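What follows is a single structure, written as structure tokens, with notes after it.
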Amino acid sequence: MWQVVGHEWAVELLKRSLTNGRVAHAYLLTGPPQIGKTTLALNFAQALNCQNPEGPCGECLSCRKIAHGTHPDVRVIEGQGGTIKIDQIRALQRQAALSCTEGRWKVFILRQMEQATTEAANCLLKTLEEPPAHVILVLTASEADALPPTIVSRCQVLNLRPLTVEAVRKALQERWGVEGQRAELLARLSGGRLGWAVEAARDEAILRRRDELLDDLMELIGQGRVERFAYAQQLSRDTEAAREALGIWLSWWRDLLLMASGSSAEIANLDRAEALREMAGRYSLGQVRDFIEALRAAAWRLEHNVNARLTLEVLLLSLPRG
Ligand SMILES: [Zn+2]
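Numbering-wise (our numbering), the sequence shown opens with residue 275 and increments by one.
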């Protein structure tokens with residue numbers, strides 16, 4: 275049974291390629307963080323190596339080893355300190371040249387391939403051009419555009435989308451035993467990213483951090499240049515934290531837009547509906563739209579490694595006073 279929640283069409287496509295014996299040597303799974311790309315890749319690796327004919331069974335030794343990250347033929351490779359380095363790709367190539375130890379296929383899952391250095395990406399290209407017969411590469415990335423076209427053109431690209439809020443809520447309740455009201459809030463805040471919702475259900479620090487970031491936002495609205503610059507400087511020290519802040523603020527401003535256009539039933543920040551309503555009354559629709567644009571632009575710049583401090587300064591200067 276495929277364990278992945280949602281992405282039914284992608285599961286169907288991979289299943290069909292298995293039954294037809296037409297498995298590609300390289301796949302690229304794209305989509306926002308924490309929507310299940312790696313889960314799908316691991317599930318596929320299980321299906322490829324399952325000891326039962328109707329795999330992935332999730333129960334045989336092979337499936338269990340893959341789930342626990344101990345299968346010798348299935349490797350997950352991810353950035354070290356935010357970068358996939360050429361040495362990691364060379365190590366992959368040495369392993370790929372060997373025959374399988376236990377499974378039928380050697381599967382290498384390269385997470386967040388956009389983090390690869392140019393040298394690492396070029397090095398991987400050699401394997402993509404002439405993959406050993408028993409090797410399958412599954413790359414993940416936020417979007418295909420973030421990777422060199424020479425890499426993308428050698429992969430079968432599956433573009434995954436966020437799940438519906440309803441699918442996340444249902445999965446939280448039924449699979450992870452999260453209580454109804456909490457499941458609803460987490461599902462809405464997740465924006466369809468089940469991985470985020472599951473993590474937030476397990477780790478209370480995630481919602482605490484979100485509360486802090488929203489409180490900071492409320493405070494910044496009343497503050498001037500000096501405080502805003504100081505905040506931008508501090509936030510820019512950790513790009514991951516900055517990205518997180520932008521995501522949370524974006525969900526807040528999207529809610530303001532919903533409030534302003536009378537669709538308050540769909541808001542994400544359910545637990546702060548009162549504050550949203552009050553704030554929506556203080557801004558014009560144009561101001562809300564402009565700041566959403568500014569947030570999107572800032573997120574794009576961070577994603578493309580534009581100077582984080584400058585990006586955040588520009589963003590916070592455009593935060594309308596309310
Ligand atoms: Zn199995």
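Think of the CB as a built atom: it goes at the ideal place given N, C-alpha and C, for glycine as much as any other residue. The structure presented is a predicted model; accordingly, all values stated were derived computationally and were not measured.
| Asked | Found |
| --- | --- |
| If you reduce the DSSP assignment to three classes, tell me which class L593 lands in. | coil |
| So does Q277 have its beta carbon nearer than 7 Å to some heavy atom of ligand 1? | no |
| Any heavy atom of ligand 1 inside 7 Å of the beta-carbon of N396? | no |
| Regarding E567 and ligand 1, is the C-beta to nearest heavy atom distance less than 7 Å? | no |
| By a C-beta neighbour count over all protein chains shown, 10 Å radius and 16 as the cutoff for buried, is Q251 buried or exposed? | Nothing can be reported for residue 251: it is not among the residues displayed for the chain, which extend from 275 to 596. |
| Can at least three beta-carbon pairs, one atom from the segment 379-392 and one from the segment 355-365, be found at a separation below 8 Å? | yes |
| Grab me the residues of R563's own chain with a C-beta within less than 8 Å of its C-beta, minus the 5 sequence neighbours each way, in chain order. | L531 |
| Any idea if S604 is buried or exposed, counting beta-carbon neighbours within 10 angstroms, 16 or more meaning buried? | What is shown of the chain runs 275 to 596, which leaves residue 604 out entirely. |
| So is H345 buried or exposed if we call it buried at 16+ other beta carbons inside 10 Å? | buried |
| First and last residue of the alpha helix (DSSP H) that includes Q455? | 454-464 |
| So, using beta-carbon positions, are L413 and M387 closer together than 8 Å? | yes |
| Between C324 and ligand 1, is there a pair consisting of the residue's CB and a ligand heavy atom that are separated by less than 7 Å? | yes |
| What did DSSP end up calling A542 once you bin it into helix, strand or coil? | coil |
| CB L593 to CB F565, shorter than 8 Å? | yes |
| Have a look at L576 and R517 and give me their C-alpha separation to the nearest angstrom. | 7 Å |
| At a threshold of 7 Å, does Q320 count as lining ligand 1 (C-beta to nearest heavy atom)? | yes |
| Taking only runs of the beta strand (DSSP E) that begin and end inside the segment 307-394, which ones reach a length of at least 3 residues, in chain order? | 348-351, 380-384 |
| In the DSSP output, what is A258 paired with across the bridge? | Here the chain has residues from 275 to 596 only, and residue 258 is not among them. |
| Among N396, E540, Q354, I522, which residue has its Cα nearest to the Cα of D489? | I522 |
| Rounded to whole angstroms, what's the CA-CA distance from L460 to R482? Just pull it up for me. | 13 Å |
| Inspect the beta-carbon positions of L399 and T424 and report whether they are closer than 8 Å. | yes |
| Does the distance from the C-beta atom of A441 to that of V279 stay below 8 Å? | yes |
| Is it the case that the CB of E333 approaches a heavy atom of ligand 1 more closely than 7 Å? | yes |
| Pull up the distance between the alpha-carbon of A418 and that of L302, whole angstroms please. | 8 Å |
| Could you pull the start and end residues of the alpha helix (DSSP H) that L530 belongs to? | 513-534 |
| What are the boundary residues of the alpha helix (DSSP H) that includes L576? | 559-577 |
| Which whole-angstrom value describes the C-beta separation of S538 and G465, a residue pair presumed to lie in contact below a C-beta threshold of 8 Å? | Rounded, the Cβ-Cβ distance is 17 Å, inconsistent with contact. |
| Round the Cβ separation of Q369 and I340 to the nearest angstrom and send it over; I've been treating them as touching at under 8 Å. | With 8 Å as the limit, Q369 and I340 do not qualify as a contact, their Cβ atoms being about 16 Å apart. |
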